[in-house]
Amino acid sequence: MLAQHTRVRPAPAAATAAALAFGLVAATASPASADDPEAQGFGPDNVIVLIGDGMGYDQIDAASLYRDGTSYNQFAVDPDTGEVDREPSEASNVYEEFDVQLSAATYPEGGSYDPEAVWTDFDDVNNGYTDSAAAGTALASGVHTDNGLLGLDPDLLPVRNLTERAQETGRASGVVADVPFSHATPASFVAHNEDRNAYDEIAREMLTEHELDVVMGAGHPHYDEDGQPVDEPAFDYVDEATYESASTGETGFTFVEETEDFADLAETATPPERVFGLAQAAATLQYDRSGPDLDEDGEPIEGSEPYDAEFNENVPSLAEMASGALNVLDNSSDEGMFLMVEGGAIDWAGHDNNINRLIEEQIEFDDAVEEVVDWVESESSWQETLVVVTADHETGYLAGPGAGEEGGWTPLTGEAGELPEHSWHSEDHTNMLVPVYAQGPGASRMQHHAQYEDPVQGAYLEHTDIANTVFDFWGRG
Ligand SMILES: [Zn+2]
Numbered sequence: 020m021l022a023q024h025t026r027v028r029p030a031p032a033a034a035t036a037a038a039l040a041f042g043l044v045a046a047t048a049s050p051a052s053a054d055d056p057e058a059q060g061f062g063p064d065n066v067i068v069l070i071g072d073g074m075g076y077d078q079i080d081a082a083s084l085y086r087d088g089t090s091y092n093q094f095a096v097d098p099d100t101g102e103v104d105r106e107p108s109e110a111s112n113v114y115e116e117f118d119v120q121l122s123a124a125t126y127p128e129g130g131s132y133d134p135e136a137v138w139t140d141f142d143d144v145n146n147g148y149t150d151s152a153a154a155g156t157a158l159a160s161g162v163h164t165d166n167g168l169l170g171l172d173p174d175l176l177p178v179r180n181l182t183e184r185a186q187e188t189g190r191a192s193g194v195v196a197d198v199p200f201s202h203a204t205p206a207s208f209v210a211h212n213e214d215r216n217a218y219d220e221i222a223r224e225m226l227t228e229h230e231l232d233v234v235m236g237a238g239h240p241h242y243d244e245d246g247q248p249v250d251e252p253a254f255d256y257v258d259e260a261t262y263e264s265a266s267t268g269e270t271g272f273t274f275v276e277e278t279e280d281f282a283d284l285a286e287t288a289t290p291p292e293r294v295f296g297l298a299q300a301a302a303t304l305q306y307d308r309s310g311p312d313l314d315e316d317g318e319p320i321e322g323s324e325p326y327d328a329e330f331n332e333n334v335p336s337l338a339e340m341a342s343g344a345l346n347v348l349d350n351s352s353d354e355g356m357f358l359m360v361e362g363g364a365i366d367w368a369g370h371d372n373n374i375n376r377l378i379e380e381q382i383e384f385d386d387a388v389e390e391v392v393d394w395v396e397s398e399s400s401w402q403e404t405l406v407v408v409t410a411d412h413e414t415g416y417l418a419g420p421g422a423g424e425e426g427g428w429t430p431l432t433g434e435a436g437e438l439p440e441h442s443w444h445s446e447d448h449t450n451m452l453v454p455v456y457a458q459g460p461g462a463s464r465m466q467h468h469a470q471y472e473d474p475v476q477g478a479y480l481e482h483t484d485i486a487n488t489v490f491d492f493w494g495r496g
């Protein structure tokens, strides 16, 4: 029965009970094949959640159109009649071929998503949206909370997150981001704080108060946005004392900052047990670098294109960081792992309505997903690893040309190598549904949670259901 598992381990008592119950559900609700570990009552050893911060369907398709000239989820909706006219759908990302494809509602505590209102009033999704702290907490802990809160419920009580549960079940755990490691999304998978902007406290908590095996991100005090050393260090995302102790190994992490050392992490047969990887860039690996595509105020210049600005060379890509993290985690525990990988600057591009850099960031994220899938297929298997690709919310209200109150929703269109025809309708987050792609043990359980129906996007769940699916198997502790 465990033939497909390379590891045999006793499941924790709570997880066994929960998993058996779901085995029954799966057996009666859908025909289960004899070699389906989920149907046999076994959940994932490894869970890898990749979050595109601010990544709606149109963010993904903007990049696919630019890279491949194809799109996956484009349509026109007439707000008066509700008529939906779909574009041909062509997968160009590995996750667009995953077994389970759903959407998720992202609203914070007290919010709602109304599938009728959303497709009759173009402005509806500009209200009641979440921030990345509440959304990260929902994705990490399965609990709705108020905007601004990290790892706390609305009564300010700490909620159990997936890295903690991984640790309690003997698994390795880690978070990787291409924005500061102490920023809202990675922080929400580790820390508990009333103030998502309390970076000093959050960084200290992440590096000294938990048993994480991997923390990686940007936020290096000694480098600027172009990856150049600065004269005066800026302790914006980690305080000086914590940085000093973490960068000298005093917090139990091996400190990594050079690109070659990040690359080695992915290759070596004997990686360090715990790694704090701080890329040599101030806030983002690439997004905030200077370049000829930006004016003096950092606004995108009309007529500029993706990759007009040279990439910073002294930082790893998100895919390289993810690859290194997987090798470290895989070697740290025989019980499995939990890893969160965030493409954080998709959101920054959405706030700036910068289509060029949005496309760059989305492609960096897509590459990271591909790297993770390669790892599953070469070093693990779809019998033991669950991969989830999702977003915490959409940012910028990206839509097709001419979209709006009058024209309704229009599809993004374009050719490979050209900027897609598009329009922006916000400089903030929206309350629209975001994609959920899942494959591996537990993915079909996620489908059971998707009990709501949107007239355009189809079946959807609440984003709290993603973590709760993992808790279904791993127990809550
Ligand atoms: Zn944002």
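So for the sequence shown, this note's numbering puts the first residue at 20; every next one is plus one.
C-beta atoms are modelled at their ideal positions from N, C-alpha and C, and glycine is treated no differently.
This structure is a prediction, so every number in the text was calculated from the model and none was measured.
With distances taken Cα to Cα, identify the nearest neighbour of residue i among the options.
| i | options | result |
| --- | --- | --- |
| G130 | M451, V234 and F281 | M451 |
| E332 | T414, Y242 and S264 | Y242 |
| E354 | V360, S399, T164 and H370 | S399 |
| A300 | F330, P311 and S151 | F330 |
| F61 | H211, A123, R464 and S266 | R464 |
| T303 | R293, F141 and G246 | G246 |
| A159 | T139, R184, H448 and D140 | R184 |
| Y308 | S264, S352, E361 and W367 | The sequence given here places Arg at residue 308; Tyr does not occur at that position. Checked all of S264, S352, E361 and W367; the closest Cα to R308 is W367. |
| T508 | T414, D87 and V334 | Nothing in the structure corresponds to residue 508, since the chain is present only between 20 and 496. |
| E361 | I70, P63 and D64 | I70 |
| S266 | F492, F295, T149 and P134 | F295 |
| A288 | P240, S351, D327 and E339 | S351 |
Can you give me the start and stop residues for the beta strand (DSSP E) that residue i sits inside?
| i | result |
| --- | --- |
| Y218 | Element bounds for Y218: not the beta strand (DSSP E) but the alpha helix (DSSP H), Y218 to T227. |
| L358 | M356 to G362 |
| Y304 | The amino acid occupying residue 304 in the given sequence is Leu; Tyr does not appear at that position. No beta strand (DSSP E) contains L304, which DSSP labels as neither H nor E. |
| G73 | N65 to G73 |
| V455 | V453 to Q458 |
| E472 | Y471 to D473 |
| A481 | The identity of residue 481 in the sequence shown is Glu, whereas the question assumes Ala. From DSSP, the beta strand (DSSP E) with E481 extends over G477 to E481. |
| P199 | A191 to P199 |
| S122 | V119 to A124 |
What residue range does the alpha helix (DSSP H) around residue i cover?
| i | result |
| --- | --- |
| R86 | Y76 to D87 |
| S266 | E259 to S266 |
| A462 | A462 to H468 |
| V347 | L337 to S351 |
| L158 | S151 to S160 |
From the DSSP output, which residues share a beta bridge with residue i?
| i | result |
| --- | --- |
| G496 | Paired residues: none, contrary to the question. |
| N373 | According to DSSP, which records beta bridges pairwise, N373 is partnered with nothing at all. |
| R105 | F94 |
| F295 | V234 and F274 |
| G427 | G423 |
| H448 | T414 |
| L313 | P319 |
| T404 | N65 |
| W443 | L417 |
| Y242 | P248 |
Is residue i close to ligand 2? I mean its beta-carbon at under 7 Å from any heavy atom of the ligand.
| i | result |
| --- | --- |
| N350 | The model on display carries ligand 1 but not ligand 2. |
(request) For the stretch 392 to 402 and the stretch 448 to 462, state whether three or more C-beta atom pairs, one from each stretch, are separated by less than 8 Å. (result) The stretch 392 to 402 vs the stretch 448 to 462: in contact.
(request) Specify whether the stretch 332 to 349 and the stretch 272 to 285 touch according to this definition: at least 3 beta carbon pairs, one from each stretch, less than 8 Å apart. (result) Because the criterion of three Cβ pairs below 8 Å is met, the stretch 332 to 349 and the stretch 272 to 285 touch.
(request) Inspect the CB distances between the stretch 471 to 484 and the stretch 172 to 189 and report whether three or more fall short of 8 Å. (result) With the cut-off at 8 Å, the stretch 471 to 484 and the stretch 172 to 189 do not touch.
(request) Could you name the residues whose beta carbon sits closer than 6 Å to any heavy atom belonging to ligand 1, keeping them in chain order? (result) Those residues placing their Cβ nearer than 6 Å to any heavy atom of ligand 1 are, following chain order, G73, S151, D366, H370, T414 and H448.
(request) Examine the Cβ distances between the stretch 223 to 236 and the stretch 200 to 207 and report whether three or more of them are shorter than 8 Å. (result) Enough Cβ pairs lie closer than 8 Å, so yes.
(request) For the stretch 212 to 232 and the stretch 371 to 386, state whether three or more C-beta atom pairs, one from each stretch, are separated by less than 8 Å. (result) When Cβ pairs closer than 8 Å are counted between the two stretches, the stretch 212 to 232 is seen not to touch the stretch 371 to 386, the count staying below three.
(message) Check whether the stretch 312 to 327 and the stretch 258 to 271 touch, using three or more Cβ-Cβ pairs below 8 Å as the test.
(response) Taking a contact to require three or more Cβ pairs closer than 8 Å, the stretch 312 to 327 and the stretch 258 to 271 do not qualify as touching.
(message) Taking 8 Å as the cut-off, does the stretch 432 to 439 touch the stretch 398 to 415 (at least 3 CB pairs, one atom from each stretch)?
(response) Remark: fewer than three beta-carbon pairs, one from each stretch, lie closer than 8 Å, so the stretch 398 to 415 and the stretch 432 to 439 are not flagged as touching.
(request) Taking 8 Å as the threshold, find out whether the stretch 135 to 142 comes into contact with the stretch 161 to 169 through three or more Cβ pairs. (result) Counting C-beta pairs closer than 8 Å gives fewer than three between the stretch 135 to 142 and the stretch 161 to 169, which falls short of the contact rule.
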